[in-house]
Structure formats: C-alpha cells, structure tokens
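A.B. asks: All residue numbers for the sequence shown refer to our numbering, where the first residue is 11 and numbers rise by one. In this text, a Cβ means the ideal position worked out from N, Cα and C, and glycines have one as well.
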Amino acid sequence: MADTTSELTEPHFRRNDPERTKREIMEAAREEFARHGLTGARVDAIAARTKTAKRMIYYYFGSKEGLYLAVLEAAYDDIRSVERELRLEALAPEQAIRRMVEFTFDYQWDHADFTRLVTIENIHHGQYLRQSRSARGLNVTIIDALRSILERGRREGLFRGDVDAIDVHLFISGFCFFRSANRHTIEVLFGKDLGEEALRTRHREMLVQGVLGMLRPPGAGDGDGAGAEGGGSTP
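Listed below in structure tokens is the structure:
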C-alpha cells in the first residue's frame, strides 16, 4: 500500500494556509528588500526561498512594489506594536522618557533591517509610503504617547512647556537611526565598534540625559532616579 502521507508535502499544507504563506513571503521579502533595495530585490529570489510560485506572490500583493509597501508597513507596525507594550502611561514622566529612549536605542540597533528599509524609502523620496492607507495612523501613536508624557511632566513642573513632541521624537530617533545605519562606516573611519557593550551603554545613557536635559526647565536637577548602570532596558 502506498504511503499517502508522502503526498502531503509542505507546499500542499501551505496552499491550505494562505496566512502562513503570506507571512513567509513577507519575512523573505523583508530580508531581500533590506539587503538589495527595491530596485535590486528579485521576486524570483523571494519565490525560491519560500518555495512559492511567483504568481502566488503577485496574487497576494499585486506587484513587486505592492509587496515592498506591505513589508514597509509591517516594519513600522512592528516597532509601534512593541512600543505600545512598554506601558509608558504607567511610568512617571522622566522614567517614561528614559524607557522610550532606551527602547528606541536598542530596537534600532537590533533591527538593522528596519533602518535599511527606512533609508531605502527615503532614497525613493517617500513615494511608496505616501501611498499607504495605514502608515500615518500607525505612526501617530508614538507622537500621541510622547505628547501625553510631556503634558504630565509639565503639570508636575518637571518639563518645559515649549517643547514639541515631534521635535523630541526626531531627537531620539535621529541619534538612534544614525548610529545604527552608519555602524560600518563609523568603524572604518573612526575605529569605533559601536556594538561594543561599554560604548553602547555610554551612548544610551548619553542620549537619555541629552533628552531629559532638553526637557527640564533651566536650573532643574537630575530627577529620573536611574543611571547608566541601572536604567538600561531592551525591547
């Protein structure tokens, strides 16, 4: 009697699990786009890696550009989803800022593919993200969270009243993004391995104190109650 289980190959199961197939395509596509960019990425390579017919990729995502946009939206959704889990509203204002800074610092370092995807989209002048129906809604959450923290800090006399939430976001993300995206050239040019733990700890705390220093009224002291040794956290 033939072994009928041999006919139940992986592609057979995947045809009956379209969500799993789409997840696998997205994972492979994220790596392909992050490594080669939109122009250099090949749908053939994504299909081969996932053992999926190219026609199925086009069926699910419409085009190579549609797949790229789906990957970009998912990348933003990933970081925003983890940020929501930080429960910043439960922390005192200065602790909430510290937690947000430390998270952003670690996340952008540990997810270099995210910084590469954002860099690639900026090379394309934001043309594909501009077509997204969800990107603005996804990313407004971090600004809303910052506004809430800043308002609580103002009410408690901890923060100045003239600082904009988007400015704070740019301050935090700018340093974290630059450090992650330029890790290789910085090592070549300055001989600094930015992944070295002592340097990571120093830079993380430097950014925390820089942001808090910007937010505090003139003459205010260090009131967040955590230093370089005890304040670190990871996503």
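List the whole-angstrom C-beta distance separating PHE124 from ALA85, where the pair is believed to meet the contact cut-off of C-beta under 8 Å.
C.D. replies: Your numbering for residue 124 matches position 114 in the sequence shown. Your numbering for residue 85 matches position 75 in the sequence shown. Right, the Cβ-Cβ distance comes to about 5 Å (below 8 Å), so this counts as a contact.
A.B. asks: If the criterion is Cβ atoms closer than 7 Å, does the pair ILE152 and GLY47 meet it?
C.D. replies: Residue mapping note: residue 152 aligns to position 142 of the sequence shown, counting from 1. Residue mapping note: residue 47 aligns to position 37 of the sequence shown, counting from 1. Taking 7 Å as the cut-off, the Cβ atoms of ILE152 and GLY47 do not count as close.
A.B. asks: Rounded C-beta distance between ARG90 and LEU148? I'm assuming under 8 Å.
C.D. replies: Start at 1 with the first residue of the sequence shown, and residue 90 comes out as number 80. Start at 1 with the first residue of the sequence shown, and residue 148 comes out as number 138. Rounded, the Cβ-Cβ distance is 5 Å, consistent with contact.
A.B. asks: For THR15, which of helix, strand or coil comes out of DSSP?
C.D. replies: Position 5 of the sequence shown, counted from the start, is the residue given in the question as residue 15. Because the pLDDT of THR15 is 39, which lies under 50, any placement of that residue in the model is unreliable, and the question is left without a value.
A.B. asks: Given that a residue counts as buried once 16 or more other Cβ atoms are within 10 Å of its Cβ, and exposed if not, what is LEU199?
C.D. replies: The sequence position of residue 199 within the sequence shown is 189, counting from 1. It counts as exposed.
A.B. asks: List, from N- to C-terminal side, the beta strand (DSSP E) runs of 3 residues or more that fit wholly inside the region 47-128.
C.D. replies: none
A.B. asks: Please go through the same chain and pick out, in chain order, the residues whose beta-carbon is closer than 6 Å to the beta-carbon of GLY163, but skip the five residues on each side of it.
C.D. replies: On the sequence shown, position 153 is the one that residue 163 refers to. Cβ neighbours of GLY163 beyond the five flanking positions: PRO103, PHE169.
A.B. asks: Within a Cβ cutoff of 7 Å, which residues of the same chain sit near LEU139, ignoring the five residues on either side of it in sequence?
C.D. replies: Counting from 1 along the sequence shown, the entry for residue 139 is found at position 129. Result list for LEU139: LEU82, GLU131, ALA145, in chain order.
A.B. asks: If you draw a straight line from the alpha carbon of ALA51 to that of GLU41, how long is it in whole angstroms?
C.D. replies: Numbered from 1 along the sequence shown, position 41 holds the residue referred to as residue 51. Numbered from 1 along the sequence shown, position 31 holds the residue referred to as residue 41. Straight-line Cα distance between these residues: approximately 9 Å.
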